[in-house]
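Colleague:
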Amino acid sequence: MAFISSAAMKAAVAALLVFAAVSPAARAVAAEAEAKAKAVGGAPSVPAGSLDIAQLGAKGDGKSDSTPMVLKAWKHACEATGQQKIVIPKGNYLTGALDLVGPCKSSIIIRLDGNLLGTGDLNAYKRNWIEIQNVDNLSINGHGTIDGQGALAVNDVVFKNIHGTSNTPEAITLNCANNLPCQGVQLINVDIKYNRSDNKTMSVCKNAIGKSIGMAKELACV
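Numbered by UniProt numbering, the letters in the sequence shown go through residues 1 to 222 in order.
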């Protein structure tokens with residue numbers, strides 16, 4: 001299961017995070033993305049112990065493509081053992097599709113201090129912008145943002161089998177644009193507790209349409 005901080009959950013709608021079992025098609029997409037990352041010239045190999053995407057060649061200028069560096073950091077962290085940390089430092093990092101696929105040998109922390117920006121080039125997306133699949137013991141924290149920049153209409157987003165704690169009573173926030181409402185949102189067996197004495201949590205929705213199944217019904221707003 002994935003353990004997601006409250007800040008990360010609030011960013012997840014823009015990020016189009018999908019938690020599901022890995023299908024052969026998903027594996028094929030991930031393999032193709034990895035091959036593209038290897039084919040891009042100029043991106044240095046991962047130095048031992050370094051998972052800072054800026055040290056891998058990513059530029060936080062909001063214009064340069066950081067996709068290969070993020071995928072390279074993920075591959076290194078996923079194949080390593082023990083606890084691994086991927087750092088998104090301060091800056092604006094533009095990316096295309098990111099398929100972060102397991103199973104992984106390690107537990108992974110993604111430290112989001114900067115901003116991940118989705119490219120406006122729709123040809124860069126075969127399905128979703130960011131997909132995290134078949135990954136256990138994942139934590140996302142930090143004060144950065146995951147911003148689709150309005151390039152994508154948020155449709156058919158699935159939050160599935162997510163268990164963890166939230167630092168605020170608002171465990172899930174679906175804040176969608178008036179002109180591009182979120183369609184087909186599904187909360188399936190999402191169980192997030194408030195880590196204070198009153199452990200009840202809630203979700204807050206704006207312009208979001210969908211349904212809740214299983215444990216998610218207690219905190220559902222769709």
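Backbone N, C-alpha and C fix where the C-beta goes; we use that ideal spot for every residue, glycine too.
1. Use the C-beta contact count for G82: other C-beta atoms within 10 angstroms, 16 or more gives buried, fewer gives exposed.
2. Residues in its own chain within less than 7 Å of A33 by CB, not counting five upstream and five downstream?
3. Looking only at DSSP bridge pairs, what is S107 linked to?
4. Mind checking whether D113 and G148 have CB atoms under 8 Å apart?
5. Expressed to the nearest angstrom, what Euclidean distance is found between the alpha-carbon atoms of S203 and R196?
6. If I measure Cβ to Cβ from T119 and keep anything under 6 Å in the same chain, skipping five residues before and after, which residues do I get?
7. Report the residue from T168, N207, I146 whose alpha carbon sits nearest the alpha carbon of N92.
8. Using only the alpha-carbon positions, how far apart do C221 and R111 sit?
9. Just the Cα atoms here: how many angstroms apart are residue 223 and L51?
10. I88 bridges to which residues according to DSSP?
11. What are the residues that DSSP puts in a beta bridge with C182?
12. For G142, which of helix, strand or coil comes out of DSSP?
13. Within its chain, find whatever has a CB closer than 7 Å to the CB of S107; leave out the 5 residues flanking it on each side and keep chain order.
14. For P181, which residues from the same chain have a beta carbon less than 6 Å from its beta carbon, with the 5 sequence-adjacent residues on both sides left out?
15. Taking the Cβ atom as the reference point for each residue, do G102 and N134 lie within a distance shorter than 8 Å?
16. Taking 8 Å as the limit between beta carbons, can you name the residues of its chain near N178, skipping five residues before and five after?
17. For I88, count the other beta carbons within 10 Å of its own beta carbon; 16 or more makes it buried, fewer makes it exposed. Which is it?
18. Is it buried or exposed, G210, if we count other Cβ atoms within 10 angstroms and call 16 or more buried?
Modeller: Here's the rundown:
1. On the sequence shown, residue 82 is found 82 positions in, with the first residue counted as 1. By the neighbour-count criterion, in which a residue is buried when 16 or more other Cβ atoms sit within 10 angstroms of its Cβ, G82 is exposed.
2. For this step, residue 33 is matched to residue 33 along the sequence shown. Bear in mind that a pLDDT of 43 at A33, under 50, signals an unreliable position, so the number given afterwards is only what the model happens to contain. Excluding the 5 residues flanking it on each side, A33 has same chain C-beta neighbours closer than 7 Å at L71, A97, D99, in chain order.
3. Your numbering for residue 107 matches position 107 in the sequence shown. In the DSSP assignment, S107 forms a beta bridge with Q83.
4. Taking the first residue of the sequence shown as position 1, residue 113 is located at position 113. Taking the first residue of the sequence shown as position 1, residue 148 is located at position 148. No. Outside cutoff.
5. Indexing the sequence shown from 1 puts residue 203 at position 203. Indexing the sequence shown from 1 puts residue 196 at position 196. One C-alpha to the other measures close to 17 Å.
6. Within the sequence shown, the letter at position 119 stands for residue 119. L94, G96, listed in sequence order.
7. The residue you call residue 92 lines up with position 92 of the sequence shown. Relative to N92, the option among T168, N207, I146 whose CA is nearest is I146.
8. Residue 221 sits at position 221 when you count from the first residue of the sequence shown. Residue 111 sits at position 111 when you count from the first residue of the sequence shown. Looking at the backbone, the Cα of C221 and that of R111 are separated by about 28 Å.
9. This structure cannot speak to residue 223, because the chain is shown only from 1 to 222.
10. Counted from its first residue, the sequence shown places residue 88 at position 88. For I88, which the question treats as bridged, DSSP gives the partners L112.
11. Against the sequence shown, residue 182 aligns to sequence position 182. Note: C182 sits in a beta bridge opposite A208.
12. In the sequence shown, residue 142 corresponds to position 142, counting from 1. Residue state, collapsed to three classes: coil.
13. For the purposes of this step, residue 107 is identified with residue 107 of the sequence shown, where counting begins at 1. Around S107: Q83, N137.
14. Here residue 181 refers to the residue found at position 181 of the sequence shown. Taken in chain order, the residues that qualify are N207.
15. Here residue 102 refers to the residue found at position 102 of the sequence shown. Here residue 134 refers to the residue found at position 134 of the sequence shown. Against a cut-off of 8 Å, the Cβ pair of N134 and G102 comes out as a contact.
16. Looking up residue 178 in the sequence shown gives position 178. Cβ within range, chain order: N207.
17. Taking the sequence shown and counting its residues from 1, one reaches residue 88 at position 88. Counting Cβ neighbours within 10 Å, I88 comes out buried, since at least 16 surround it.
18. Reading the sequence shown from its first residue, position 210 is the one you call residue 210. With 16 or more Cβ atoms within 10 Å of its Cβ, G210 is classed as buried.
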